[in-house]
Each structure stands twice: as C-alpha cells, then as structure tokens.
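Trainee: Mind looking over this structure? Questions follow.
In the UniProt record's numbering, the protein residues as written are 1 to 212.
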C-alpha cells in the first residue's frame, strides 16, 4: 500500500462551471470526479488519460478538478486513500457479521474477505499503488490494515482463543501471506479458488496454534 497519509484535497466550496448554478454537494462532485478518473485509468491507463478527459467524463469544468487537486498525481494519491478506506470498510463489514466473542470466526472472515476483495479489485489496486514498493517502511495504508488485523489478534489473546508471543510479528506474517496468496490466485486463474482460500485460512490458523 502507499505511504501517502494525506492527499491534499481541498474541500471548500466548488464554483463549478461559469454561469451554472451549483446543484450538487461538494462531496458528491468530488466522488464523481474520482469515479470518472478511476474508470478512465482502468480503461486506458494513467499516463494516457488527460485531465481534460477526466473532467469531460465527470461533466464538470476543469476548474473543478484544480479546486480539489493540484495534479493528476495528486488525484492518484487521493484514489489510493479512497481504495484503502473502502478496503478496510469491507473487511470490517465481513468481521462484523460474526459474533463479537467468536474470535476464530472473526479472523477467518477477515482472511477470506481480504483475499476476495483484493482479487476482485486488484486492477484498481495496481493502478493507485503503481509507485508503491513493499519495502517502504512508512506505509500508512498498510499500517491501517495491520492495525485492524492486530485488533482481532489482540482480542483473541484477551479472550483466551489463542496465545501469541509476538502479535505484531504474527500480524505481519498473516498480512504478507494473504497478500502473496491472493497474487497467486490473480496470476493463476485456473486455481481452484475455494479450496485454495480454505487452505490459506487453515494455514493462518495453524500459525496461531488453533484448530481449523
């Protein structure tokens, strides 16, 4: 994930196109602008997409783009933050579908959702994190995901569901393993996904010394 923690988005009022009354909230305009950019980036690539094409697709004036972003690179950083926020929300939704005190089920749900969401959105992931390197040490988005996973691991420790000597290390190993396993699914679509995901979940649980 990217190490960008702030996107520089300006959220003040949008003047819009000259002579046209403002009819949409700024948040809606911003989301439509970012959605238009994502669609075009996926269709033709970031480098090939111009700001003029983005605003035309979003049906806003070019001034609207520069109201929120300084450049296309600035927008790409905002899209990365948007992707991570959505990823975390979907993970939390999956976890919340389990009983609050069933830490085994909550961890299973987190691992499965991580794989399925990443596999379903990897094209967007690869675009918004195109300049990301896995060795980046200051990585706010990765850290946010690790924090979410760590909360599940810590909850399980407190409840006696498992014992961990070094929870942060366990979180890193699960995160890296799940990410790598999903890359395998993406690169090898012939893989029996259901069986493969089951195996990933089971091996992660064995790492914690619990039954599957």
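Every residue gets a Cβ at the ideal spot worked out from N, C-alpha and C, and that includes glycine. For clarity, every value in this text was computed on a predicted model and none was experimentally measured.
#1: Would you call the segment 145-153 and the segment 168-176 touching, i.e. three or more CB-CB distances under 8 angstroms?
#2: Could you compute how far the alpha carbon of residue 21 sits from the alpha carbon of residue 32?
#3: Across the segment 80-92 and the segment 142-150, are there enough close Cβ pairs to call them in contact, namely three or more that are closer than 8 angstroms?
#4: Given this structure, state the Cα-to-Cα distance separating residue 79 from residue 176, to the nearest angstrom.
#5: Identify which residue in 83, 187 and 62 has its Cα closest to the Cα of residue 117.
#6: Using C-beta distances below 6 angstroms, list every residue in its chain close to residue 107, excluding the 5 sequence neighbours before and after it, in chain order.
#7: Using CA atoms only, rank isn't needed, just tell me which of 160, 166 and 35 is closest to residue 75.
#8: Which of helix, strand or coil does DSSP assign to residue 103?
#9: What do you reckon, are the CB atoms on residue 77 and residue 54 nearer than 9 angstroms?
#10: DSSP on residue 175, reduced to helix/strand/coil?
#11: Hey, residue 119 and residue 51: beta-carbon distance below 9 angstroms or not?
#12: Run the CB neighbour count on residue 141, radius 10 Å, all protein chains shown included, and call it buried at 16 or more, exposed below.
#13: Just checking my contact of residue 210 with residue 104 at CB under 8 angstroms: how many whole Å lie between their CB atoms?
#14: For the alpha helix (DSSP H) that residue 139 lies in, which residues bound it at each end?
#15: Measure the alpha-carbon distance for residue 127 versus residue 194 and round it to whole angstroms.
Mentor: Taking the structure as given:
#1: Flag = yes, the segment 145-153 and the segment 168-176 touch.
#2: Numbered from its first residue, the chain shown carries residue 21 at position 21. Numbered from its first residue, the chain shown carries residue 32 at position 32. Low confidence applies to residue 21: its pLDDT is 48, below 50, so where it sits in the model is not reliable enough to give any reading.
#3: Between the segment 80-92 and the segment 142-150 there are three or more C-beta pairs closer than 8 angstroms, enough to call the two in contact.
#4: Start at 1 with the first residue of the chain shown, and residue 79 comes out as number 79. Start at 1 with the first residue of the chain shown, and residue 176 comes out as number 176. Each residue's Cα considered, the two are about 23 angstroms apart.
#5: Stepping through the chain shown from its first residue, residue 117 is reached at position 117. Cα-wise, what sits closest to residue 117 is 83.
#6: Reading the chain shown from its first residue, position 107 is the one you call residue 107. Cβ contact annotation for residue 107 (same chain, cutoff 6 angstroms, sequence separation greater than five): 152, in chain order.
#7: Reading the chain shown from its first residue, position 75 is the one you call residue 75. When each option's Cα is compared against that of residue 75, the closest is 35.
#8: As a position in the chain shown, residue 103 is number 103, starting the count at 1. It is helical.
#9: For the purposes of this step, residue 77 is taken as the residue at position 77 of the chain shown. For the purposes of this step, residue 54 is taken as the residue at position 54 of the chain shown. No, Cβ-Cβ distance for residue 77 and residue 54 is not below 9 angstroms.
#10: Residue 175 sits at position 175 when you count from the first residue of the chain shown. DSSP places residue 175 in helix when its eight states are reduced to three.
#11: For this step, residue 119 is matched to residue 119 along the chain shown. For this step, residue 51 is matched to residue 51 along the chain shown. Taking the C-beta atoms as reference points, residue 51 is found no nearer than 9 angstroms to residue 119.
#12: Here residue 141 refers to the residue found at position 141 of the chain shown. Its Cβ being crowded by 16 or more others within 10 Å, residue 141 is buried.
#13: Taking the chain shown and counting its residues from 1, the one referred to as residue 210 is at position 210. Taking the chain shown and counting its residues from 1, the one referred to as residue 104 is at position 104. Yes, residue 210 and residue 104 are in contact; Cβ-Cβ is about 6 angstroms, under 8 angstroms.
#14: Within the chain shown, numbered from 1, the residue matching residue 139 stands at position 139. Taken as a continuous stretch (DSSP letters only), residue 139 belongs to no alpha helix (DSSP H), as it is neither H nor E.
#15: Position 127 of the chain shown, counted from the start, is the residue given in the question as residue 127. Position 194 of the chain shown, counted from the start, is the residue given in the question as residue 194. Taking the straight line joining both Cα atoms gives about 27 angstroms.
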